[in-house]
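Some notes on the structure that comes next.
Protein chains in written order, with our numbering: chain A, 258 to 410; chain B, 303 to 578.
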């Protein structure tokens with residue numbers, strides 16, 4: 258079996274009980290079947306998901322190589338960051354690599370609540386930033402190509 | 303210090319298994335009687351390609367737990383390792399050892415998190431084998447394996463068998479996206495961020511390129527695992543194997559003697575010094 262199973266999404270785990278309850282109230286459960294397309298590159302980015310179980314692959318089309326997997330997300334990860342951008346369109350495509358259960362965040366409601374209640378917005382932003390930094394650091398580590406052949410000592 | 307530490311003993315290549323294009327696993331059997339010296343997961347031997355030189359290679363399996371049969375996984379990265387990699391079945395190589403400290407799995411009753419990157423899976427393979435042989439001694443066991451690409455994955459059949467087990471959580475992830483690959487893509491730290499960890503009851507064993515171990519250890523520290531419960535396998539220029547020549551010095555440590563497995567509380571301040 259693979260590591261993971263159903264775990265508390267990391268964004269929720271980073272919040273205290275009250276903020277977790279309030280964010281959870283903005284979510285609704287969704288399920289993606291194996292192979293189901295979740296979003297397509299270039300389409301409007303209007304949603305965000307907290308993955309509970311399963312796995313999702315982010316891909317992009319490379320001429321001559323087809324759809325190339327950039328990263329695999331699992332239970333606990335946040336899927337969908339493009340809505341935070343100045344021009345909210347999906348930068349990549351995503352499909353479920355396995356049956357996946359997730360909590361879909363109502364982004365419009367989240368932004369409205371964060372605007373009206375800066376403290377809530379700040380806490381959620383801090384938590385999202387922490388996850389985003391972890392993803393960025395892991396991606397940078399991958400760029401190092403650490404497992405490439407190196408000289409004998 | 304026994305003669306097996308100072309004088310190479312002849313070992314015949316009994317079998318070879320090509321793992322990847324540049325990596326082979328060899329089984330070695332002694333050409334003369336050898337003492338019943340235990341060989342522990344995480345320890346290394348000095349393998350001598352006649353006329354070329356010696357190189358430190360960790361044991362990648364311990365079928366008998368002593369010098370009677372040795373298993374090493376050798377990646378061809380230079381003159382000596384290339385010569386060892388190319389040594390055919392029936393030929394004889396020289397062996398000294400075992401050297402250093404292996405992985406510390408005591409006390410039992412704890413969760414284990416094993417993180418291996420690239421050829422770093424080889425020194426951890428025997429520890430996973432010994433854990434599975436005494437599975438009841440541990441709580442949750444998670445193995446995270448990172449590889450450059452699907453063609454660089456070591457011990458593929460064994461990994462598949464581990465993944466099929468209900469009592470072992472295994473994540474295999476590759477760095478470089480490849481068309482047709484249906485497994486996970488990402489760095490090992492992403493798995494570490496995600497897995498369930500009970501920090502007070504976790505022992506972590508890390509082996510791979512040094513930056514990979516540093517990055518992984520930092521995630522574990524962020525998640526509350528004490529540095530004393532994180533073990534890393536370090537590598538420097540191992541030469542004598544007995545703490546005399548000083549080539550493998552890392553600060554106050556001589557890694558052939560005080561390592562290669564060191565806890566991160568000891569290693570971290572030393573790894574922060576670029577000059578070391």
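Ideal Cβ placement from N, Cα and C applies to all residues, glycine included.
Which chain D residues sit within Cβ distance under 8 Å of residue i?
i: residue 450 (chain B); result: Included in the structure are the protein chains A and B, with no chain D among them.
Determine the direct distance from the alpha carbon of residue j to that of residue i, and round the result to whole angstroms.
i: residue 259 (chain A); j: residue 485 (chain B); result: Confidence in residue 259 (chain A) is poor, its pLDDT being 41 and thus under 50, which makes the residue's placement too unreliable to answer from.
i: residue 237 (chain A); j: residue 397 (chain A); result: Here chain A has residues from 258 to 410 only, and residue 237 (chain A) is not among them.
i: residue 322 (chain B); j: residue 395 (chain B); result: 22 Å
i: residue 401 (chain A); j: residue 513 (chain B); result: 9 Å
i: residue 338 (chain B); j: residue 476 (chain B); result: 39 Å
i: residue 261 (chain A); j: residue 474 (chain B); result: In this prediction, residue 261 (chain A) has a pLDDT of 42, which is less than 50 and means its spatial position is unreliable; nothing more can be read from the coordinates.
i: residue 309 (chain A); j: residue 345 (chain A); result: 24 Å
i: residue 415 (chain B); j: residue 488 (chain B); result: 18 Å
i: residue 320 (chain B); j: residue 438 (chain B); result: 33 Å
i: residue 436 (chain B); j: residue 362 (chain A); result: 44 Å
i: residue 399 (chain B); j: residue 314 (chain B); result: 16 Å
i: residue 433 (chain B); j: residue 320 (chain A); result: 46 Å
i: residue 277 (chain A); j: residue 343 (chain B); result: 44 Å
i: residue 331 (chain A); j: residue 338 (chain A); result: 15 Å
i: residue 263 (chain A); j: residue 334 (chain A); result: The pLDDT assigned to residue 263 (chain A) is 48, lower than 50, so where the model puts this residue is not dependable, and the model offers no usable value.
i: residue 361 (chain B); j: residue 446 (chain B); result: 20 Å
i: residue 537 (chain B); j: residue 307 (chain A); result: 40 Å
i: residue 314 (chain A); j: residue 556 (chain B); result: 44 Å
i: residue 383 (chain A); j: residue 371 (chain A); result: 12 Å
i: residue 527 (chain B); j: residue 378 (chain A); result: 30 Å
i: residue 506 (chain B); j: residue 334 (chain B); result: 38 Å
i: residue 331 (chain B); j: residue 385 (chain B); result: 18 Å
i: residue 279 (chain A); j: residue 304 (chain A); result: 17 Å
i: residue 545 (chain B); j: residue 329 (chain B); result: 27 Å
i: residue 358 (chain A); j: residue 291 (chain A); result: 11 Å
i: residue 350 (chain B); j: residue 312 (chain B); result: 9 Å
i: residue 480 (chain B); j: residue 318 (chain A); result: 12 Å
Can you tell me which of the three DSSP states residue i falls into?
i: residue 313 (chain B); result: strand
i: residue 426 (chain B); result: helix
i: residue 540 (chain B); result: coil
i: residue 509 (chain B); result: strand
i: residue 364 (chain B); result: coil
i: residue 266 (chain B); result: In the structure as shown, chain B begins at 303 and stops at 578. Residue 266 (chain B) is therefore absent and cannot be evaluated.
i: residue 258 (chain A); result: Because residue 258 (chain A) carries a pLDDT of 38, less than 50, the predicted location of this residue cannot be relied on, and no value is offered for it.
i: residue 433 (chain B); result: helix
i: residue 381 (chain A); result: helix
i: residue 354 (chain B); result: coil
i: residue 581 (chain B); result: This structure gives no information on residue 581 (chain B), because the portion of chain B shown stretches from 303 to 578.
i: residue 376 (chain A); result: helix
i: residue 337 (chain B); result: coil
i: residue 304 (chain B); result: coil
i: residue 462 (chain B); result: helix
i: residue 387 (chain A); result: helix
i: residue 394 (chain A); result: helix
i: residue 402 (chain A); result: coil
i: residue 530 (chain B); result: helix
i: residue 453 (chain B); result: helix
i: residue 274 (chain A); result: helix
i: residue 419 (chain B); result: strand
i: residue 263 (chain A); result: Confidence in residue 263 (chain A) is poor, its pLDDT being 48 and thus under 50, which makes the residue's placement too unreliable to answer from.
i: residue 413 (chain B); result: strand
Would you mind reading off the limits of the alpha helix (DSSP H) that contains residue i?
i: residue 306 (chain A); result: Residue 306 (chain A) -> not in any alpha helix (DSSP H); beta strand (DSSP E) instead, spanning 304-310.
i: residue 384 (chain B); result: 381-388
i: residue 519 (chain B); result: 512-524
i: residue 566 (chain B); result: 566-573
i: residue 490 (chain B); result: 490-496
i: residue 560 (chain B); result: 557-560
i: residue 270 (chain A); result: 267-270
Give me the chain A residues within the contact set of residue i, using Cβ-Cβ distance strictly less than 8 Å, ordered along the chain.
i: residue 491 (chain B); result: 391, 394, 395 and 398
i: residue 483 (chain B); result: 326
Could you work out which residues of chain B lie near residue i, taking near to mean beta carbons separated by less than 7 Å?
i: residue 333 (chain A); result: 496
Closer than 9 Å by beta-carbon distance: list the chain A residues that pair up with residue i, in chain order.
i: residue 514 (chain B); result: 398, 401, 403 and 404
i: residue 579 (chain B); result: Not covered by the structure: residue 579 (chain B). The range shown for chain B is 303 to 578.
Along chain B, in chain order, which residues have C-beta atoms closer than 9 Å to that of residue i?
i: residue 267 (chain A); result: 495 and 496
i: residue 329 (chain A); result: 475, 485, 486, 487, 488 and 492
Could you work out which residues of chain B lie near residue i, taking near to mean beta carbons separated by less than 8 Å?
i: residue 323 (chain A); result: 481
i: residue 230 (chain A); result: Outside the displayed range of chain A (258 to 410) lies residue 230 (chain A), so it cannot be described from this structure.
What residue does the beta strand (DSSP E) around residue i start on, and which one ends it?
i: residue 372 (chain B); result: 372-377
i: residue 446 (chain B); result: 443-449
i: residue 331 (chain B); result: 325-332
i: residue 400 (chain B); result: 394-401
Give the residues of chain A in contact with residue i, contact being defined as C-beta atoms less than 7 Å apart.
i: residue 454 (chain B); result: 404
i: residue 419 (chain B); result: 403 and 404
i: residue 511 (chain B); result: 403 and 404
TODO: Could I get the ranges of all uninterrupted alpha helix (DSSP H) runs contained in the region 322-374 of chain A, with 4 residues as the minimum, in chain order?
DONE: 364-373
- [ ] May I have a chain-ordered list of the beta strand (DSSP E) segments no shorter than 3 residues that lie completely inside the region 279-304 of chain A?
- [x] 284-289 and 294-296
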